[in-house]
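Worksheet for the structure shown next.
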Amino acid sequence: MKKKSKCAKIILLIGIISASLLSHSLNFSCFQLNNKILDAIEIDKNLKESTYEWDEQIRIPVGSDPFSVFIGDANNDGWNDIVTANFYGNNVSILLWNSTTSYWDEKIGKSVGIYPTSISIGDVNNDGFNDIVAGNQNTNDVSIFLWNASINDWNNDSRLSVGGSPWYVYIADANNDGWNDIVTANYMTNDVSIILWNASISYWNPQIRISVGTEWVGPIAVSVEDADNDGYNDIVVANDRSLEIVAILWNSTINNWNSPKIIYDVVRPYGVVIKDANNDGFNDVIVANRNGGFVPVLMWNTTWNNWTEHQLSTSFGSIFSVAVGDINNDGYNDIVNAKVTANSDVASIHLWNMSSNYWDEEIQLSVGGRPECVVIGDADNDGHNDVVTSNTGSNDVSIIIFEPAYWFIDKVCQVLSQDYFNFTFYIYNEDENPIDFASFQIWWDEVDVSTDLQNLGNGLYFISLESIFVLPGEDPIKLNMTLKAIGYDNINFEIYIAVPPYEITNKLNLDFLNQTFSIEHFNFTFYIFDSFNQAIDFATIQFWWNGTDVSTDIQNLGNGLFFISLESIIVRPGEDPILLKMIISANGYQDKHFEMYLAVDPDILDKDVRKTADNIPITIIIIAVISIVGVLGGGAIIYLLRKRKRISESM
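Quick note, this note's numbering runs 433 ahead of the 1-based positions in the sequence shown.
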């Protein structure tokens, strides 16, 4: 089976396209990447143009008549494996996951007792490592394969006696002391065996036998979980012959079990599970109905502190096993049955629909011959649950791999300034519906900035990052992201960003709207704007007049207008001119450098003329101007200021 690539790398040299993506003002505007990021992910990940689905079953032969199957980490290497109990083979088959080949190794067979009908993986000796336990019908015992970490293998099986014909075995903390125990449903002796772990002696106590009915009740399945939602594990048993579900509830007051009580007696049960079937936060009891036609769901009723029966309709067929779990990986539990019908053998799936608060119509997935057991778990170790059945009629297991729905990043907005680098992402699925529940892990230059992400709703996510400029020859900055959403495959990608400072093209412009000169004052009103003629109100200005800093004298008039009144300095012929020097700065723009040299012959001034703003005694003033933008040079400009008309004092 070919595994999918889970990482997409995107190299985005912002310096190349900076003229396009820069905002021409500090208003938030966006540059569309026209699906460049989406295309890169599609190419690398081979995304499918379909919603989530289950692959066609993978059939792997195991032993003869596999009655039971379990998914778990059998060899403690961190990867889930598949094990079966083979009834006529008198052995168990172990399919270990090989992370190198991304497939299962050839089966390992281990002999057990006669006619094993059930199997489980769990830490039965409470040493921190999983073990394998099988229940043997004709030898009335369980086979235990303890994991030996010293040799990195299983010890030879050890046997513990239980009741007559143990049909089902379960590993859990039965007496709520914090240690795992072993529980079996004994078909021929009409009871359950509870083998408690004794931490003091690091071994098991002799079995406790609790009767679950009169003669020929036929306990065929058992589940150990918190059935009555009081915080303590209980034992629930399915009696095949007496058509009953029996609960053995834990009593925390007496620190023991209450007497068994019948909680359901309508159908012929062939399996039982304690799980939250209707996703209300409370465990329910779900029954495999061998008679078919419906699935009994005993919902926990918090008002009555009891169970309420609900019959979930399903097409007719004999149900041999039931499992509850998140089959489609959307965060909600679903129900799957192993079903034999007149025409086919299937895994019958009822998905939970959160919108309708009920289950969708039945989905049937083909499996092997006469599926005796069904389980839910991550069989192929890709982070998503799958469905596995053990098929007694075809001596194999059917592995139905879940293929997650794929999702996309599109319509990426980016705004770059000297202070920040803003991203807006749009996330949606294959049905073009926005995904609002995604979570991000984001690293900017190897710093975790995940908490800075804002969920704007409707599939939009925003983050503002501190700009880091890269000089030519330096390594680019890496923006690394992992996107997660329930029911979807993870997306991992990297964006490499190189922004040379000289690539910033937003520039400031300066116009002098009014200049008035008298023997006492030299007044300026000037206008600052960008390349798109938009006024810049937020500029900061450094202003030197003849070497003196007069920045604090500048008045911001709004709408890009600034005013300053300077003390006139008269220059005689042959003297150096006066230097007016300015540096204008604004976020997102390159600094504007400006210089003006002034030379005025005092002999041409009429010192007797009234000196007012409307009455300026000036002949010709030659002003040489040198404008420097950033590191670029400017040219000399000559302004000719006309002499104002002299106004008589008598007027």
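We put the beta carbon where it would ideally sit given N, CA and C, even for glycine.
Helix, strand or coil at residue i according to DSSP, with G and I counted as helix
i	result
residue 822	strand
residue 985	helix
residue 883	helix
residue 660	coil
residue 578	strand
residue 749	coil
residue 476	For residue 476, the predicted model reports a pLDDT of 24, less than 50, meaning its position is unreliable; a value from the coordinates is still stated below. In this structure, residue 476 counts as helix in the three-state DSSP scheme.
residue 490	coil
residue 540	coil
residue 564	strand
residue 682	coil
residue 693	coil
residue 1011	strand
residue 520	coil
residue 636	strand
residue 1026	strand
residue 734	strand
residue 677	strand
residue 817	coil
residue 925	strand
residue 812	coil
Residue i versus residue j - alpha carbon distance
i	j	result
residue 1142	residue 842	The question about residue 1142 has no answer, for the chain in this structure spans 434 to 1084.
residue 798	residue 769	10 angstroms
residue 688	residue 604	20 angstroms
residue 749	residue 725	5 angstroms
residue 585	residue 865	49 angstroms
residue 733	residue 878	51 angstroms
residue 817	residue 810	8 angstroms
residue 418	residue 692	Residue 418 cannot be examined here, being either before or after the span of the chain that is shown, 434 to 1084.
residue 979	residue 1011	5 angstroms
residue 807	residue 929	46 angstroms
residue 739	residue 714	15 angstroms
residue 915	residue 820	27 angstroms
residue 833	residue 823	12 angstroms
residue 862	residue 927	20 angstroms
residue 643	residue 913	57 angstroms
residue 1030	residue 892	57 angstroms
residue 944	residue 983	19 angstroms
residue 659	residue 731	14 angstroms
Residue range of the unbroken beta strand (DSSP E) whose run includes residue i
i	result
residue 784	Unbroken run through residue 784: none, as it is neither H nor E.
residue 612	Run containing residue 612: none; DSSP gives neither H nor E here.
residue 570	No beta strand (DSSP E) contains residue 570, which DSSP labels as neither H nor E.
residue 599	599-605
residue 954	954-962
residue 970	Residue 970 -> no beta strand (DSSP E), and no H or E assigned at all.
residue 876	872-877
residue 854	853-862
residue 994	994-1000
residue 687	Residue 687 -> no beta strand (DSSP E), and no H or E assigned at all.
residue 801	Run containing residue 801: none; DSSP gives neither H nor E here.
residue 770	767-773
residue 669	667-672
Buried/exposed call for residue i, threshold 16 Cβ in 10 Å
i	result
residue 694	exposed
residue 974	buried
residue 910	buried
residue 705	buried
residue 777	exposed
residue 598	buried
residue 723	buried
residue 787	exposed
residue 981	exposed
residue 654	buried
residue 636	exposed
residue 651	buried
residue 1007	exposed
residue 596	buried
residue 633	exposed
residue 532	exposed
residue 790	exposed
residue 387	Any question about residue 387 goes unanswered here, given that the chain covers just 434 to 1084.
residue 408	The structure shown has nothing for residue 408, since the chain only spans 434 to 1084.
residue 494	exposed
residue 741	exposed
Closer than 6 angstroms: residue i CB and nearest the ligand MN heavy atom
i	result
residue 699	The ligand MN is not part of the structure shown, which contains no ligands of any sort.
Legend entry - Whole runs of the beta strand (DSSP E) within the stretch 702-731, excluding any shorter than 3 residues: Segments of the beta strand (DSSP E) lying fully in the stretch 702-731: 702-708 and 717-722.
Inset, instruction - Could I get the ranges of all uninterrupted alpha helix (DSSP H) runs contained in the stretch 889-919, with 4 residues as the minimum, in chain order? - result: The qualifying runs do not exist here; there are none.
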